[in-house]
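Protein chains: 4
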Amino acid sequence: MIVVMEPGAKDQQVDHVVKLIEEMGLQTHPIYGTDRTVIAAIGDKRNVDKYPIEQAPGVEKIVPILSPYKRASKELRAEPSTVAVGPAGFPFGSGRVGVIAGPCSVEDRGQLIEVAHAVKEAGAIGLRGGAFKPRTDPYSFRGLGEPGLEILAEAREQTGLAVTTEVMGVAEAELVAKYADLLQIGARNMHNFNLLMAVAQTGKPVLLKRGFSASFDEFLLAAEYILSEGNQQVILCERGIRTHETYVRNTLPLAIVPAVKRRSHLPILVDPSHGTGHAYMVPSMCRAAVAAGADGLIVEVHPDPEHALTDGAQSLTPEVFGETMQEVRRIVEAIGRTL
Amino acid sequence: MIVVMEPGAKDQQVDHVVKLIEEMGLQTHPIYGTDRTVIAAIGDKRNVDKYPIEQAPGVEKIVPILSPYKRASKELRAEPSTVAVGPAGFPFGSGRVGVIAGPCSVEDRGQLIEVAHAVKEAGAIGLRGGAFKPRTDPYSFRGLGEPGLEILAEAREQTGLAVTTEVMGVAEAELVAKYADLLQIGARNMHNFNLLMAVAQTGKPVLLKRGFSASFDEFLLAAEYILSEGNQQVILCERGIRTHETYVRNTLPLAIVPAVKRRSHLPILVDPSHGTGHAYMVPSMCRAAVAAGADGLIVEVHPDPEHALTDGAQSLTPEVFGETMQEVRRIVEAIGRTL
Amino acid sequence: MIVVMEPGAKDQQVDHVVKLIEEMGLQTHPIYGTDRTVIAAIGDKRNVDKYPIEQAPGVEKIVPILSPYKRASKELRAEPSTVAVGPAGFPFGSGRVGVIAGPCSVEDRGQLIEVAHAVKEAGAIGLRGGAFKPRTDPYSFRGLGEPGLEILAEAREQTGLAVTTEVMGVAEAELVAKYADLLQIGARNMHNFNLLMAVAQTGKPVLLKRGFSASFDEFLLAAEYILSEGNQQVILCERGIRTHETYVRNTLPLAIVPAVKRRSHLPILVDPSHGTGHAYMVPSMCRAAVAAGADGLIVEVHPDPEHALTDGAQSLTPEVFGETMQEVRRIVEAIGRTL
Amino acid sequence: MIVVMEPGAKDQQVDHVVKLIEEMGLQTHPIYGTDRTVIAAIGDKRNVDKYPIEQAPGVEKIVPILSPYKRASKELRAEPSTVAVGPAGFPFGSGRVGVIAGPCSVEDRGQLIEVAHAVKEAGAIGLRGGAFKPRTDPYSFRGLGEPGLEILAEAREQTGLAVTTEVMGVAEAELVAKYADLLQIGARNMHNFNLLMAVAQTGKPVLLKRGFSASFDEFLLAAEYILSEGNQQVILCERGIRTHETYVRNTLPLAIVPAVKRRSHLPILVDPSHGTGHAYMVPSMCRAAVAAGADGLIVEVHPDPEHALTDGAQSLTPEVFGETMQEVRRIVEAIGRTL
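Residue numbers (the working numbering), protein chains in the order written: chain A, 1246 to 1584; chain H, 1246 to 1584; chain D, 1246 to 1584; chain Z, 1246 to 1584.
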């Protein structure tokens, strides 16, 4: 941390700040510049809130230096982590690109089994589908619950696909973990720290979606919550952020892919369905995401999007998904990776 | 809902959309304009996802007409709701302006009791203080838990202040409700629908903070979740949103006050502490919020902000809080209300 | 500036960065922390782009310390600047609160003269009205041009109000300066540096609106452009920013008022008309802005908003403006200032 | 346009709105729904401001239906436009992908000629370089002016590359047009309507960068300004937007590529240098942009980024640019296009 003093800060103000920093267990190193004094605080106390020093007289601002996360960073582990998922142990983060696809919600057995076979044939390695749905609107369809999980498990048996589904509450973490291969933390729950811990404790791989206004550091701190519970199987997932743009439901910031690769060892997937909100944009954003270096995709596919109970506007038909997968495969190969 | 067809959309495309709308139980009313056809859908089916119609051939876009919430809106109740809180039954929404103040976290008995008396004397009617803290960083102080609640209850006995504290998880809702007068849903949990329902079911008044990237409609839909559980005691709270601005921790959009007053019957408070993140801005934003017509404030006050365990940078000292309350009182009176 | 090296950066990488910094004419001061080395660069070279150092091997990031503006900051001038405007020399920045009001565009002589008298009677000290209009849509009404300026000047003669109007292009700066008392730089032109200089060179007071995604530093740097041309009569104006919110046309971040007061000596006005985009919100945001400590307001008033050629949705009628001014006056007095 | 009336709006309020709409020359079509009345306004009056109707009693909101631009839309021209640029007439929009590269600023003859040859060899078809620089900071390097243009022209003679450079002010449009093949409107000037017209009138192809908080419609309306002056040679360019993200200088929203392709006939390029602000992200965003379907790229390349006078942090070295072009070429081919 660097504490920047105001121009003209008095010696006793500097001394007071030095004392506050030292009370935190950090060493201090004042530097007297041409226009102002700055005080460097040396030591690793990431878990202490240093912003109260802003209140000390004569302080202009606090500048953090260390990233607030550690286990999720390359400081701790320089080489990429690999997370094996599903019956076939697909190795996310290994260089192979894995695609998870399926409907937003499990609506009924017929729908899900049909989609599962379709996405498997197109080259997906995972099956998504919600059994417990977070709905902004309290009157909307909220999912089938455990029967939905059973259908997902049946689809896995038929296809070998890794089942990915969202955990909505602490109370359901164990239940979902019984059926699923990859437990999803949804964007709305990225800051739900109780849930992060409950899911971590199942010991299952976790797909952590970025909150739609989460900063980069907050995203990795959410991963840190899971890692700090002893569960190392974290896969990040970018799903778009809130901005002023209205031609999309969310703005998909693909530069997070190289940013994660530079600072963290964790794999990162991209969700172009939520990341745009419009089916017509999804194929181009699938191509872009893998070209950017994402470790995989998670894509909504529905046999009849016009009648989907949830997220119909952004679901691909199996046909369009199949074509998209062919394009994705060619791009993956063009950058020297495999699907 | 209005469905806007693309220019040159064919009759059979229009017919197909008409069919999709009618399947939803809505009546249709096509209008043939100079440049394109639009189809009005008549009826109230707020809980049906209509966006899948975007996928139908020839459709350009869907324009919703009805607000997605109903119980929270003036359609259902034209006059303002009043929510009585605490031992003295302070009536939020009645025209009186109520101020809740206290530390971010309950750190120890001495700290809390001292602050409680100080804010009481300055004119506050409620006491805030966190016993369970949501921390972005897994290594930070997470609150005292139940002993913190006991200290809050003791402070209430001594001062008569209404106790406000956050509920972090479904499992703690009943426990917190035993001690607190007003249960807070934090910004990070505004979309945590399980928690909204659990808190609603305690039957206690709820202070619902806006998520930091929540839209207006999403904010009122979160209130709708609570209202639809039969709990009518909902108080909204604006606490700032994420924007590109960096001289503040959050951008405080006070125009939400007249917007809520126009569309909803629910009271609305403002949190200038989280809404700015810097103590020096809090007094002016307290004044601005009540001038804008807010039904109250919730303000962080700490006896020693430089040493606060959480949110020290945005906490007022009791002295500054006292001065701010005098200014707030004069403004409240200038606009014909009472504190 | 502080250069933060990556963990494990090598000595020769540190040496290379030291060399790059010294080439800029700055002194260096390396600090060896527990986790990484940081290099403080000492000296005032605000005008040198230091970010290329990011490219040097082993560098994690660059942290600027000095604000990029100097003349606009309190470093140069600690007490508030006062800018005298119009025939009566109204002193913006002196503690008195000044209100400028009038239509978005000068539409015809009758409209403008009527509004001028109305706003004068309500207590305004300035008259606004556009003669050259920036229109996002090339097919819209673009203003009356010089005849519009003549009407404004006539209104000044009749009322004594200070005339405020926008300068759209370098070529019109001299012309507008002949007629107006306060030259407005619109939000869309805040980054139009040629225009900033041309307007500065007229020697007239300048009302500088914040660009709708400008950062705090960019806003003050735009002021710095004018100040660095030798024109010290700069009044800042907040008019709302682009965010994800859609119930407003712009989000009005009033915390910029205390932020400007802390870091700059320049006066700051608030424009609640553009700052919200909806007439029904304007009175409460007028109240809030003066309560926050703004030095004045600029408000759109039109005798017949339903038929206004521009910005009708956000214009007050003279009646509503008159009532708002009474409320504003009471708040101004409540905080110990005068209107 | 659709006017949505409040629930319970009275007949005379509906009649008043009908009258206001008919005064605009539009036909009206009221629809009486279950909860409220909406009034459809039929006819094409894109250039009339309809928002004043919001002020009429009983009106809840106005919903526009037609896009505000016409010449830039597919309504006017369904097939893609091709814009031929430079000595070789490279056809942007034809399906071939064109890359423009070069330094942010022309610093001296040696620097520019060296880069020109390097980017030519790597496969670029255009050369970028600023002679007039828009600088947020008034004390920064502002470019060489006309001598910079002469150096660009010399580089074109030696390499055959199309010269692209920014026009900063109306006064320089003709001068720049004498030397350059493609006139750039920078992001800060996207709303500078005088400049749009001046550049349009040169008759040269125009590269129009999106303003950093411009909406989709505002971006296409800026193009409309140029088209409505009779200049059909407009190429759009996405260069990133302002959001809450801080690990990038701008957030690059690649979904604008399919959005433009769906609604407009104009070609669109992507600028991954400004679109991220960090050189290490540029190669992956170049790959992503062409995978998304962009018609080309504009990339900053500098022989010695550590010493670049401007934008050094985001400039690629010629070596990295060369490697990136090989990856870009493979992706272009993978999606069935050519570089």
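Cβ coordinates follow ideal geometry from the N, Cα and C atoms, glycine included.
Check: Where does the unbroken beta strand (DSSP E) through H1274 of chain Z begin, and where does it stop?
Finding: As a first step, residue 1274 of chain Z is located in the fourth sequence; it is residue number 29 there, counting from the start. Q1272 to Y1277 is the span of the beta strand (DSSP E), which, as asked, contains H1274 of chain Z.
Check: Is it true that the CB of L1406 of chain H sits closer than 9 Å to the CB of K1378 of chain H?
Finding: Counting from one through the second sequence, the residue named residue 1378 of chain H turns up at place 133. Counting from one through the second sequence, the residue named residue 1406 of chain H turns up at place 161. No, Cβ-Cβ distance for K1378 of chain H and L1406 of chain H is not below 9 Å.
Note to self: Pop quiz: M1526 of chain D and A1504 of chain H are said to be a contact at Cβ under 8 Å. What is the actual Cβ separation, rounded to whole angstroms?
What the structure shows: The residue you call residue 1526 of chain D lines up with position 281 of the third sequence. The residue you call residue 1504 of chain H lines up with position 259 of the second sequence. With a Cβ gap of about 7 Å, M1526 of chain D and A1504 of chain H count as contacting.
Margin query: Just to check my reading of the structure: K1290 of chain H and G1270 of chain H have Cβ atoms closer than 8 Å, yes? What is that Cβ distance to the nearest angstrom?
Written below: Here residue 1290 of chain H corresponds to residue number 45 of the second sequence, with the count starting at 1. Here residue 1270 of chain H corresponds to residue number 25 of the second sequence, with the count starting at 1. With 8 Å as the limit, K1290 of chain H and G1270 of chain H qualify as a contact, their Cβ atoms being about 6 Å apart.
Check: From this set, A:M1250, A:D1540, A:T1569 and A:Y1424, which residue's C-alpha is nearest V1546 of chain A's C-alpha?
Finding: For the purposes of this step, residue 1546 of chain A is taken as residue 301 along the first sequence, with counting starting at 1. Here the closest residue by C-alpha is A:T1569.
Item checked: For Q1429 of chain A, the first and last residue of its enclosing beta strand (DSSP E) -> Here residue 1429 of chain A refers to the residue found at position 184 of the first sequence. First-last of the beta strand (DSSP E) with Q1429 of chain A: L1427 to I1430.
Check: Which class does S1529 of chain H belong to by DSSP, given the choice of helix, strand or coil?
Finding: Residue 1529 of chain H sits at position 284 when you count from the first residue of the second sequence. S1529 of chain H falls in the helix class under three-state DSSP.
Next item on the list: List the residues of chain A that A1317 of chain Z touches, going by C-beta distances under 7 Å, in chain order.
Entry: Residue 1317 of chain Z sits at position 72 when you count from the first residue of the fourth sequence. Those within 7 Å of A1317 of chain Z in chain A number zero; the least Cβ separation is about 14 Å.
Checklist line | Length of the line joining the Cα atoms of G1355 of chain H and A1361 of chain H | finding: Your numbering for residue 1355 of chain H matches position 110 in the second sequence. Your numbering for residue 1361 of chain H matches position 116 in the second sequence. Between G1355 of chain H and A1361 of chain H, the C-alpha separation is close to 10 Å.
Next item on the list: Look up I1284 of chain A in the DSSP assignment and give the residues it is bridged to.
Entry: For this step, residue 1284 of chain A is matched to residue 39 along the first sequence. DSSP lists A:V1248 and A:P1275 as partners of I1284 of chain A.
Margin query: I'd like to know if the region 1321 to 1338 of chain Z and the region 1504 to 1522 of chain Z are in contact, where contact means that at least 3 CB-CB pairs between them fall below 8 Å.
Written below: By the Cβ rule, the region 1321 to 1338 of chain Z counts as touching the region 1504 to 1522 of chain Z, because three or more pairs are nearer than 8 Å.
Check: With respect to the beta strand (DSSP E) encompassing R1373 of chain H, which residues constitute its N-terminal and C-terminal limits?
Finding: Translated into the one-based positions of the second sequence, residue 1373 of chain H becomes position 128. Segment G1371 to R1373, the beta strand (DSSP E) holding R1373 of chain H.
Check: Who are G1347 of chain A's beta bridge partners in DSSP?
Finding: Here residue 1347 of chain A refers to the residue found at position 102 when the first sequence is read from its first residue. Answer is A:E1545.
Notebook entry, point to check: Looking only at DSSP bridge pairs, what is E1483 of chain D linked to?
Noted result: Along the third sequence, one-based indexing puts residue 1483 of chain D at 238. DSSP lists D:V1515 as partners of E1483 of chain D.
Check: Which residue's Cα is closest to the Cα of D1260 of chain Z: Z:G1278, Z:V1283, Z:T1279 and Z:I1486?
Finding: Position 15 of the fourth sequence holds residue 1260 of chain Z. That would be Z:V1283, whose Cα lies nearest to the Cα of D1260 of chain Z.
Item checked: Beta-carbon gap between G1371 of chain D and I1543 of chain D smaller than 9 Å -> Against the third sequence, residue 1371 of chain D aligns to sequence position 126. Against the third sequence, residue 1543 of chain D aligns to sequence position 298. Yes, the pair counts as a contact, with Cβ atoms nearer than the cut-off.
Notebook entry, point to check: What does a CB cutoff of less than 6 Å around V1451 of chain A pick up in its chain, not counting 5 residues either side in sequence?
Noted result: As a position in the first sequence, residue 1451 of chain A is number 206, starting the count at 1. For V1451 of chain A, where only same-chain residues beyond five positions count, the Cβ hits under 6 Å are L1428, V1444, I1471 and V1479.
Next item on the list: To the nearest angstrom, report how far apart I1501 of chain D and E1463 of chain D are at their CA atoms.
Entry: If you number the third sequence from 1, residue 1501 of chain D lands on position 256. If you number the third sequence from 1, residue 1463 of chain D lands on position 218. Distance between the alpha carbons of I1501 of chain D and E1463 of chain D is about 13 Å.
Margin query: For the region 1434 to 1443 of chain H against the region 1394 to 1405 of chain H, do three or more pairs of beta-carbon atoms, one drawn from each stretch, fall closer than 8 Å, so that the two count as touching?
Written below: In short, these stretches do not touch, since the Cβ pair count stays below three.
Margin query: Taking its Cβ as the centre, do 16 or more other Cβ atoms sit within 10 Å of K1449 of chain H, making it buried, or is it exposed?
Written below: Reading the second sequence from its first residue, position 204 is the one you call residue 1449 of chain H. By the 10 Å Cβ count, K1449 of chain H comes out buried.
Check: Under a three-way DSSP split, which group does P1309 of chain A fall into?
Finding: Within the first sequence, the letter at position 64 stands for residue 1309 of chain A. Note: P1309 of chain A maps to coil in three-state DSSP.
Checklist line | Within chain D, the residues that H1436 of chain Z reaches when beta carbons sit closer than 8 Å | finding: Taking the first residue of the fourth sequence as position 1, residue 1436 of chain Z is located at position 191. Identification of chain D residues near H1436 of chain Z by a Cβ-Cβ cut-off of 8 Å yields P1379, T1381, R1433 and N1434, ordered along the chain.
Item checked: Minimum C-alpha distance to E1299 of chain D - residue among Z:H1523, Z:G1538, Z:T1583 and Z:I1580 -> Numbered from 1 along the third sequence, position 54 holds the residue referred to as residue 1299 of chain D. Ranking the options by Cα distance to E1299 of chain D, first place goes to Z:H1523.
Note to self: Quick check on the burial criterion: 16 or more other C-beta atoms within 10 angstroms. Buried or exposed for E1551 of chain H?
What the structure shows: Position 306 of the second sequence, counted from the first residue, corresponds to residue 1551 of chain H. It is buried - the Cβ of E1551 of chain H has at least 16 other Cβ atoms within 10 Å.
Next item on the list: Using a Cβ cut-off of 9 Å (strictly closer), state whether G1288 of chain H contacts chain Z.
Entry: Translated into positions along the second sequence, residue 1288 of chain H becomes position 43. Yes - at least one Cβ of chain Z is within 9 Å of the one on G1288 of chain H.
Next item on the list: Check whether the Cβ atoms of D1382 of chain H and P1275 of chain A lie closer than 9 Å to each other.
Entry: As a position in the second sequence, residue 1382 of chain H is number 137, starting the count at 1. As a position in the first sequence, residue 1275 of chain A is number 30, starting the count at 1. Result no, Cβ atoms of D1382 of chain H and P1275 of chain A do not sit closer than 9 Å.
Check: Quick check: the region 1384 to 1395 of chain Z against the region 1419 to 1426 of chain Z, are there 3 or more CB pairs under 8 Å?
Finding: Yes, since at least three Cβ pairs between the region 1384 to 1395 of chain Z and the region 1419 to 1426 of chain Z fall closer than 8 Å, the two stretches touch.
Next item on the list: Report the residue from A:G1347, A:E1251, A:V1262 and A:L1265 whose alpha carbon sits nearest the alpha carbon of T1279 of chain A.
Entry: By 1-based counting over the first sequence, the position of residue 1279 of chain A is 34. That would be A:E1251, whose Cα lies nearest to the Cα of T1279 of chain A.
Margin query: Using beta carbons (cut-off 9 Å, strictly below), is S1458 of chain D in contact with chain Z?
Written below: Numbered from its first residue, the third sequence carries residue 1458 of chain D at position 213. Yes, because at least one Cβ of chain Z sits closer than 9 Å to the Cβ of S1458 of chain D.
Check: Name the DSSP beta bridge partners of P1336 of chain H, please?
Finding: Position 91 of the second sequence holds residue 1336 of chain H. Answer by DSSP bridge pairing, in chain order: H:A1329.
Item checked: M1246 of chain A: contacting residues in chain H (beta-carbon distance under 9 Å) -> Within the first sequence, residue 1246 of chain A is the residue found at index 1, counting from 1. Result: empty, since nearest Cβ-Cβ is about 13 Å, beyond 9 Å.
Note to self: Strictly below 7 Å CB to CB, what residues from chain H border T1186 of chain Z?
What the structure shows: It is not possible to answer for residue 1186 of chain Z, since the shown part of chain Z is limited to 1246 through 1584.
Next item on the list: Note down, in chain order, every chain H residue with its Cβ under 9 Å from the Cβ of F1566 of chain D.
Entry: The count along the third sequence starts at 1 and reaches residue 1566 of chain D at position 321. By Cβ distance, chain H contributes nothing, its closest Cβ being about 16 Å from F1566 of chain D, past 9 Å.
Item checked: Contact set for R1322 of chain Z: own chain, Cβ-Cβ below 7 Å, skip 5 residues either direction -> On the fourth sequence, position 77 is the one that residue 1322 of chain Z refers to. In the same chain as R1322 of chain Z, and ignoring 5 residues on each side of it, the C-beta atoms closer than 7 Å to its own belong to H1510, in chain order.
Checklist line | When Z:R1316, Z:C1531 and Z:Q1258 are compared against L1497 of chain Z, the one with the closest alpha-carbon | finding: As a first step, residue 1497 of chain Z is located in the fourth sequence; it is residue number 252 there, counting from the start. The candidate whose alpha carbon is nearest that of L1497 of chain Z is Z:C1531.
Note to self: Check this for me: beta carbons of A1467 of chain H and G1456 of chain H, under 9 Å apart or not?
What the structure shows: The count along the second sequence starts at 1 and reaches residue 1467 of chain H at position 222. The count along the second sequence starts at 1 and reaches residue 1456 of chain H at position 211. Yes.
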